[in-house]
Amino acid sequence: MNNREIAETFDKIADLLEIKGEVIFKVLAYRRAAESLRELASDVAGHHQQAKLTEIPGVGKAIADKIDELISTGKLGFYEKLVQEVPETLVELLRVPDLGPKKAGLFWRELGISTLSDLESAAKSGKLRSLPGMGQKSEAKILAGLESLSRRTLRTPIGQAWPVAQELLAKLRGVPGVQTVELAGSLRRMKATVGDIDLLAAAEDSHAVMDAFAQDPEVSRILSRGETKASVEFRNGLRAQLWVHPPQRFGTALQYATGSKEHNVRLRELAQKQNLSLSDQAFLRVDGREILCADEQKVYETLDLPWIPAELREDRGEVQAARQGNLPELLELADIKGDLHAHSTWSDGKNSILEMAKAARKRGWNYMAVTDHSHSLGVAGGLSAEELLAQREEVEKAQTELGDSIHIFHGVEMEIRADGSLDYPDEVLAGLDIVIAALHSGLRQPRQQVTERMLNAIRNPHVDIIAHPVGRLIPDREGADLDLETIFKAAAEHGVVLEINSDPRRLDLDDVHARRAIEMGVLLTVNSDAHSPAGYDLLQFGVAMARRGWVKASQVTNTWDLEHLQGWIKKRGK
DNA sequence: GCCGTTTTCGGCCCGACTGTTTTCAGTCG
3 MNNREIAETF DKIADLLEIK GEVIFKVLAY RRAAESLREL ASDVAGHHQQ
53 AKLTEIPGVG KAIADKIDEL ISTGKLGFYE KLVQEVPETL VELLRVPDLG
103 PKKAGLFWRE LGISTLSDLE SAAKSGKLRS LPGMGQKSEA KILAGLESLS
153 RRTLRTPIGQ AWPVAQELLA KLRGVPGVQT VELAGSLRRM KATVGDIDLL
203 AAAEDSHAVM DAFAQDPEVS RILSRGETKA SVEFRNGLRA QLWVHPPQRF
253 GTALQYATGS KEHNVRLREL AQKQNLSLSD QAFLRVDGRE ILCADEQKVY
303 ETLDLPWIPA ELREDRGEVQ AARQGNLPEL LELADIKGDL HAHSTWSDGK
353 NSILEMAKAA RKRGWNYMAV TDHSHSLGVA GGLSAEELLA QREEVEKAQT
403 ELGDSIHIFH GVEMEIRADG SLDYPDEVLA GLDIVIAALH SGLRQPRQQV
453 TERMLNAIRN PHVDIIAHPV GRLIPDREGA DLDLETIFKA AAEHGVVLEI
503 NSDPRRLDLD DVHARRAIEM GVLLTVNSDA HSPAGYDLLQ FGVAMARRGW
553 VKASQVTNTW DLEHLQGWIK KRGK
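When we follow this note's numbering, the leftmost residue of the first sequence carries the number 3, and every step to the right adds one.
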């Protein structure tokens, strides 16, 4: 059992215990343990082997025993006993908006409802409204929730939420009387997927901005609307909420709404130690006096902390680092001097090499790499060795036309084939400036086999970069079951660079693994994987993922200037 | 069930909004 599977088991236990009516802190303990396992960059099996399970935050004696049982036997007696008491299927009811554990428990005990279809028929036949605390409106809400669930079951990838949020921001910022509007929540923290769009406006009077928000033409229904908070659902099922606060309280409110919850808990602890209580509105002194913060800097300053970038606010040690003055100088988009992974019409790109290079130049970059697919990736029109040679001529022609305004590297995105071999012989690879290797097939192979394939590519002296190492596709596909510790070690040893792919469907490496990789001395590159000039825009998502992984500019090869990068390539034996 | 530079026992963030209540419970973030 891997980290994710064990975390899922604990989350289910938490849900079932909560429906059962167990004390909330026991429920929270299981959730915290699950979260902690997901955050773990290394394999829990390793901690298990070394009997160090309780060193994982949130894991004590009881949960360590359960992890032990799960790893040793693949089963958990406690869980099996629990699902005898509370049907396992009840957890799916919790995915219905406005339906939580209390009502799920009530429906189950009173009406024997244990599945979504049970719930739907009970709601349609009017049985729910007879229960205590339920009425017609609650019943209608459940039906509406079921309907919205059928349209949207998963969290929304950031690539979908981002443009919607930007439009909303622009629109709300134009409302008279509004001083600022900012993103908050997981979207501001730039998580790969978001639950909804959180927005925060500063205004003395909330009515105008609330109106503009609720009357947006894309809004299909208004879920709630008050003086300070409103929440809506768009036609595509995506939800957004807006808080409005007076400007003098905006900093506190923005900090609070940005989260994460865990980060905020950490700040509250600090506040308590200073005899302050921190709410979403202001600090409160014991004598009842308030400390208002118009901006976030003041919130952190009041706690004797430097401002912490939103991408770091996940309670992964950032508060402690801030206290010690050890916050990393995070990578910024402006640090990027070029892109090392882009496609042209030679394979599945939409534009010529010259067009892609010109677009890169327009962004102020000093270099870019043309890295089309290799022939095994037939669906993408991969290049044969001969075509690759012919492509070189076109690269040189484009370079002549562009002069020294931008440098074009000739590279390739080469398949690591399912049998572990590489798609070109060494002599072909030797003629290229940059060789990227990537897995696109055989992603479901057993851990050892797929890891060995990757290691084989890393050990090849011509391979410079591994693209989107894990191969996940958000939200459809999990990545390969790679032994990343071993891969990071090999990459560091052979000087092979690992990519953070900026395509919002990939964001691979992710934040947790990127952080682990740099800890182990691996160099990274943040690439667009652009198939058209617009694809370069995606780089902001890759940069955000790097920031979430505590990555500094110096650890990213495409922040280096051209000479430095060329020197590095030369040193690798090209 | 976890955790500890005020605690090995007693905390564990807290307020807005909604719908059902006639003073509050449930959900959400």
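For each residue, glycine too, the CB sits at the ideal point set by N, CA and C. In this text the structure is predicted, and so the values were computed from the model without any measurement.
Reference residue i; option with closest CA among the options
i, options, result
"T411", "D435, T195 and E37", "According to the sequence shown, residue 411 is Phe rather than Thr. Nearest C-alpha to F411: D435."
"A186", "A167, A194, A548 and S222", "A167"
"D207", "Q181, Q217, D198 and T195", "Q181"
"A163", "E388, S150, A492 and K193", "K193"
"G413", "G76, G537, S188 and I467", "I467"
"D531", "D428, N277 and D510", "D510"
"M272", "D306, P248 and N560", "Residue identity differs from the one stated: residue 272 is Leu in this sequence, not Met. The option with the nearest alpha carbon to L272 is D306."
"P165", "L189, A142 and L151", "L189"
"G405", "L445, W562 and L356", "L356"
"L113", "K129, D513 and Q299", "K129"
"I460", "A336, D282 and H496", "H496"
"A440", "K399, D428, A482 and G433", "A482"
"F80", "V465, V437, F12 and L390", "F12"
"N328", "D218, W309 and S346", "W309"
"R549", "Q401, A203 and R191", "R191"
"P448", "D485, S140 and W367", "D485"
Sequence-distant residues of its chain with Cβ nearer than 7 Å to residue i (five each side left out)
i, result
"R419", "S378 and D425"
"A494", "M522, G523 and V524"
"E229", "S208"
"V29", "A16, L19 and E20"
"A106", "I21, L92, L95 and L96"
"A432", "H464"
8 Å Cβ cutoff met for residue i and residue j
i, j, result
"G384", "S423", "no"
"I144", "L101", "yes"
"L526", "V545", "no"
"A210", "G176", "no"
"V234", "A205", "no"
"R270", "V321", "no"
"V301", "G253", "yes"
"I15", "V46", "no"
"H409", "L564", "yes"
"M547", "I489", "no"
"P249", "A284", "no"
"A387", "V430", "yes"
"P1", "I520", "Absent from the model: residue 1. The displayed extent of the chain is 3 to 576, so no value can be given."
"E41", "R318", "yes"
With 16 other Cβ atoms within 10 Å as the buried cut-off, status of residue i
i, result
"H265", "buried"
"I8", "buried"
"N529", "buried"
"P59", "exposed"
"Q243", "buried"
"N5", "buried"
"A172", "exposed"
"H566", "exposed"
"K126", "exposed"
"K275", "exposed"
"A142", "exposed"
"T304", "buried"
"E184", "buried"
"E331", "exposed"
"T453", "buried"
"R111", "exposed"
"P103", "buried"
8 Å contact criterion, which residue i and residue j should meet: CB distance rounded
i, j, result
"A35", "I73", "Going by Cβ atoms, the distance from A35 to I73 rounds to 14 Å, so no, they are not a contact pair."
"D341", "A362", "6 Å"
"L174", "V98", "Contact flag wrong, Cβ pair sits at about 29 Å."
"K364", "N560", "So it is not a contact: roughly 17 Å between Cβ atoms."
8 Å CB neighbourhood of residue i in its chain, flanking five on each side removed
i, result
"S44", "E487 and R518"
"N277", "R287 and V288"
"V397", "I355, V372, I410 and H412"
"L78", "T11, K68, E71 and L72"
"D32", "Inspection of the sequence shows that residue 32 is occupied by Tyr rather than by Asp. Hits under 8 Å: F12, D13, I15, A16, L19 and I65."
Near the ligand FAD: residue i beta-carbon under 7 Å from a heavy atom
i, result
"P159", "Although the ligand FAD was asked about, the structure shown includes no ligands whatsoever."
Same chain, Cβ closer than 6 Å to residue i, neighbours up to 5 away in sequence not counted
i, result
"P89", "S116"
"H375", "S349, A382, G384 and E415"
"K576", "Since pLDDT at K576 reaches only 47, below the 50 mark, its modelled position is unreliable, and the value read off the structure follows with that caveat. If we look at K576 and ignore the five residues flanking it on each side, it has no Cβ neighbours."
"R455", "I418 and G422"
"F543", "S504 and P506"
"M136", "L130"
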